[in-house]
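First up is the structure itself, then whatever we jot down about it.
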Amino acid sequence: MYQHNRLTTNNFNFFSKLANFDYVLMACILLLGFISLATMYSTDGGKILFHTKSHFTKLIVFTIMMLIFSFINIKFWFSIGYFFYVIIIGLLIWTYLFGIKSSGSQRWIDLYFINLQPSELMKICIILCLAKYFHRMKLENVNSLYAILSSLIIILLPMGLVIVQPDLGTSLLISISGLAVLWFAGINHKYFIYTMIGFLISLPFIISFLKPYQKLRVLTFLNPDRDPLGAGYQIIQSKIAVGSGGIFGKGFLKGTQSYLEFLPEKHTDFIFTLFSEEFGFIGSVFLLLIYAIIIYRIVAIGAQSRSYFAKLFCYSFGASIFVYITINMSMVLGLLPIVGSPLPIMSYGGSSMLATMFGFGIVMSAKVHNQQSIA
Amino acid sequence: MINSSSDNVKKLNSINRRMFITGSVKFFIMIGLVSRLFFLQVRENKKYLTLSDKNRIREWKLAPVRGEFHDYFGNVIAGNFEAYQLHIIPEQVEDFRYVIYRLKDLLELSDKEFKRIIKKKNEIKSWETLIVSDNLSWKKFSKINNHLYDLNGVKPVISISRNYPFGENFTHIIGYVSQANEQDIENNEAIKKNFVPGLKIGKVGLEKSFEKQLIGSNDIERYEVNAYGRRISQLEFQKGEKGKSLRLTIDTKVQQLSNELLKDQAGSICVMDIYTGEVIAMHSSPSFDPNLFVFGISQDDWQIIRNDPMKPLVNKTLQGNYSPGSTIKPIVALSALENGIINTNFTVNCRGHKHPLELYGQTYHCWKKEGHGFMNLRNAMKQSCDTYFYEIARKLGVDRLSETAKKFGLGKEVFGNLFNIEKKGLIPSTQWKKNALGQSWVLGETVITGIGQGYIQTTPIQLCLMTAQIANGGYKIYPKIVIDDENKAFPIDKFTPLYKNSKNIKIVQDAMFASTNEVRGTSYRSRIDDPKYQFAGKTGTAQVKKITERDRELDLKTFQIPYEERDHALYIAYGPYKNPRYAVSILVEHGGNGSTTAAPMAKKLFKKIIDRHQLRESINNKKYLDI
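For the protein sequence lines, the chains are Z and B, in the order given.
The opening residue of the first sequence carries number 1 in the working numbering; numbering runs sequentially from there.
The opening residue of the second sequence carries number 1001 in the working numbering; numbering runs sequentially from there.
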């Protein structure tokens, strides 16, 4: 075809790779990293303490990792899709059996130098695996019972393993990532609509199966004022923090809600609240804009990619990142019940950042090798 | 290789179409997030900003510094001292049990005290201040301060508290302060405005009457606090104003002497300036220590005070209605002179117990068994001859007598509504009896009213005012106890004459002089010959129960009669006789006899008062010189 000449030469030299690099995306990621570092510095009360140092180290390590990954041919990522999935499933089982218990759930495994949360990695891995699964499939086969069932199994297996930890939030995010791939792969949109309707109908039953604390979260979401010092505390304080930020914010290191410890989980899930309090509406919109650019770049890279696998991965990853951001923000802004979901890059947490950077690395690799086709 | 089949194209078309759908959905969701941010941060900003400030800023009102009481010479008689206290707001403490047990250890609280604190904690709302300790020693206070790091929510407070340096000496004038209760807060606007937990307010006496001036206004501290209620930084400190200090007309030295004189006896002493109406001393005995009430009186102390048979809680000077006994005689004599019933030459023959005055079958005895013989006014007053006064009272009639008595300040509150406990006393009249008892006046009642028995009742402060107004030549004065009392309008009828003929006043004064300074006068033994201190007075012995024939036969000495049945001893006096300045009234409950119990006290009092007269004057003169 029109790019016949390039296809015969499959070697990319280093400089052509560098030229093909997506600098906008890279700049946005670095900017986001910088903002997250500054915010972390603020959560430490304006001092360089544990969280800031640790976040900084992780940021450096994982950015380098991402850069290395982006120079690895997309074909490689394609080839390890299933293998990677099996490894993570193995780790999830390991977590279930020997994981570290903390505050009522068993999510981490001790790797001696780092405590890893395999469920976070699964968020990326499931996209990789399903993208590979649908890569070669003919469109008419996509809607076959066999394909749908096997892809559902691929999604439900890790979901189940994460639910038992218990970690409802992450398991939902995993399934959303998986469903995103199914959607882009071309599964009939009717199935999605039917599933949605089925889900809504069965919602009361699902709620009856929820653990008491999860029920409480739903009830609290519906009416945060029912227990302002207990279950509703987080969401009320979070809204106060965001709302009191105003247009320009209270200023860097001057967020009283966080500084005076009214904010819960300010390092992790509620980090946006702190940012929003200190930098106000303008800062928040700016942050959203950076995320929007990142997502746009990811999708654009997908669109430019020659291989179907790369497209599928980029679109799905973009959609997943978007969902993570939306869920996290909706949660802290009081639009959704509280489910544990970190804000990509911003939130403190190694596994989450590792997974996100991993995803960015593959996307970047797709960009660098966008002329690479996968047989 | 390159799969250019139609399937591949279809696949690409499908994925791109869905990518666009997803893209648009993302776009709208983004818009949604931004508008939510706009709603919270721009539209509702004010609301959340207020909530955030409410979160982080907490206001502490501190108890206002109460105004002081000074005596005439500027000595502090009710002042302030720094009390070390420990406050907790239960709501702001994470682990109340831990903190309270820790405090129990540190303060070495007894189980009883500990239970009381727990009980109090359960009574108050969780955001109200719990006062764990209101008067800690410095040692314990500093110990707590050293352990503050693990006593989250405990607040050491240095509070200004009331102190009465003279103890029981002034209790019946200035009263005392104690913790405000709900009723106090409701009834008084000034207390409501300045209320903080543990606020001490005046419960009785001038402390209560002048609450508004004394209370001052709160210091207000604004602190930034964290989520656990720990103070992070002070944002503002608004200094309150100290309450107004009040200067009294009281002379501490004279007041102290009054206390000593009435020690272990129930009674009252008043001293008054006969021209200015300034009360130099006003004491009711027994008294009690007002400092006991400041931090809440203990049950034991309270029972001791309450059950004392001499009734320390009753202010006898203001609340005690007593028969004036013979101390009413100057007024009876004056009334008779004024109404032209008698002149100085009018005589009555007092023939002793064998020949008492007889009216409608009732007999009226003079106190003197043998009788006084022929008595004129001067002699009758001097020797306090009852028969003489029976006779002139009979001639005068109760209505004319009561008119004069009321003119001279009997039968109504001396201080108006300054002390709301003050009693009116009772000056009977025919009209009064008809209204109050529905009966007609009987002549016999007039007769005994003439010697201050029967219905007639006066308070010691009224007798003092009466004496003062006779001493100053019969001019109206308004007694006062607080200098520069804003509440009081300047009385227009001050110094208006109360007599019809000033000669009559002179006659009564002379008779009172005779009673004290001439042989056979009832208080002759208490006289002072030095003209500098020489005073004139009138004794009184008020019967508590009717004297029966048997009593008369027995003629018991005072110490032989049971305490409750002994007569009240009274004495009124003014001095120095030449150029008088001060009036005194003394009452000793169940003291037996005016001339033996009450009059000697007057002697000591006048010595003191007149010795201090120069000093008192110099304060006055200095005041004028400064201007």
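For every residue, glycine included, the Cβ atom is placed at its ideal position computed from N, Cα and C.
Quick caveat: nothing in here was measured; it's all calculated off a predicted structure.
- Going by DSSP, Z/Leu168 is part of the alpha helix (DSSP H) stretching over Leu168 to Ala185.
- Against chain Z, a Cβ distance below 9 Å from B/Leu1235 picks out nothing, because the smallest value is about 11 Å.
- Proximity to Z/Arg306 across Z/Leu31, Z/Val363 and Z/Leu130 peaks at Z/Val363, based on C-alpha coordinates.
- Interface annotation, Z/Ser244: in contact with chain B, CB-CB separation under 7 Å.
- Between Z/Thr39 and chain B, the shortest Cβ-Cβ separation is not below 7 Å.
- The stretch 350-366 of chain Z and the stretch 257-264 of chain Z do not touch, with fewer than three beta-carbon pairs separated by less than 8 Å.
- Taking the beta carbon of B/Tyr1048 as reference, the chain Z residues within 9 Å of it are Lys239, Ile240, Ala241, Val242, Gly243, Ser244, Gly245 and Gly246, listed in sequence order.
- Beta-bridge partners of B/Arg1581 (DSSP): none assigned.
- Among the bridge pairs identified by DSSP, B/Tyr1563 is matched with none.
- Of all residues in the stretch 263-288 of chain Z, those with a C-beta nearer than 8 Å to a C-beta of chain B are Ser276, Gly280, Phe281, Ser284, Val285 and Leu288, reading in chain order.
- Within chain Z, Thr256 and Leu260 have C-beta atoms less than 8 Å from the C-beta of B/Glu1224, given in sequence order.
- Listed by position along chain B, the residues whose Cβ is nearer than 8 Å to that of Z/Ala319 are Thr1022 and Lys1026.
- Beta-bridge annotation (DSSP): B/Phe1237 is paired with B/Glu1221.
- When secondary structure is reduced to three states using DSSP, B/Phe1415 falls in the coil class, being assigned neither helix nor strand.
- Note: B/Val1442 is not bridge-paired with any residue in the DSSP secondary-structure output.
- Of the other Cβ atoms in all chains shown, fewer than 16 fall within 10 Å of the Cβ of Z/Ile247; this residue is therefore exposed.
- Per the DSSP secondary-structure output, B/Val1588 pairs in a beta bridge with B/Gly1267 and B/Ala1569.
- Interface annotation, Z/Met329: in contact with chain B, CB-CB separation under 7 Å.
- According to DSSP, residue pairing for B/Ile1160 in a beta bridge involves B/Glu1082.
- Uninterrupted beta strand (DSSP E) stretches at least 3 residues long and entirely within the stretch 1345-1401 of chain B occur at 1348-1350, 1357-1359, 1362-1364 and 1373-1375, given in chain order.
- By the neighbour-count criterion, in which 16 or more other beta carbons inside 10 Å mark a residue as buried, B/Lys1545 falls on the exposed side.
- B/Phe1038 reaches chain Z at Phe281, counting residues in chain order whose Cβ is nearer than 7 Å.
- Under the DSSP assignment, B/Thr1539 falls in the beta strand (DSSP E) whose first and last residues are Ala1536 to Ala1542.
- In this structure, B/Ile1331 lies near B/Thr1404, with their beta-carbon atoms less than 7 Å apart.
- Shown here for Z/Lys215: same chain residues with a beta carbon closer than 8 Å to its own, the five before and five after excluded, namely Ile207 in chain order.
- Under DSSP, B/Tyr1322 shares a beta bridge with B/Thr1458.
- Annotation: the continuous alpha helix (DSSP H) that includes B/Leu1107 extends over Phe1096 to Leu1107.
- Taking 8 Å as the upper bound on Cβ-Cβ separation, chain B lies near residues Lys138, Leu139 and Glu140 of the stretch 122-143 of chain Z.
- Contact annotation: in the stretch 1054-1069 of chain B, residues whose CB is within less than 7 Å of a CB in chain Z are Asn1055 and Arg1056.
- From the listed residues B/Gly1521, B/Leu1337 and B/Pro1580, the smallest Cα separation to B/Lys1500 is found for B/Leu1337.
- Excluding its 5 nearest sequence neighbours in each direction, Z/Tyr41 has C-beta neighbours in its own chain below 7 Å: Ile48 and Thr52, listed in chain order.
- Scanning B/Phe1141, B/Lys1407, B/Ile1201 and B/Phe1389 for the CA closest to the CA of B/Glu1186 turns up B/Ile1201.
- Excluding residues up to 5 positions away in sequence, Met1601 lie with their Cβ nearer than 6 Å to the Cβ of B/Leu1261 in the same chain.
- Of B/Val1271, B/Gly1352 and B/Asn1188, the smallest CA-CA separation from B/Ser1284 is found for B/Val1271.
- Within chain B, no C-beta atom comes nearer than 9 Å to that of Z/Ala355; the closest sits roughly 20 Å away.
- By the CB criterion at 7 Å, B/Gly1373 and B/Met1466 fall outside the cutoff.
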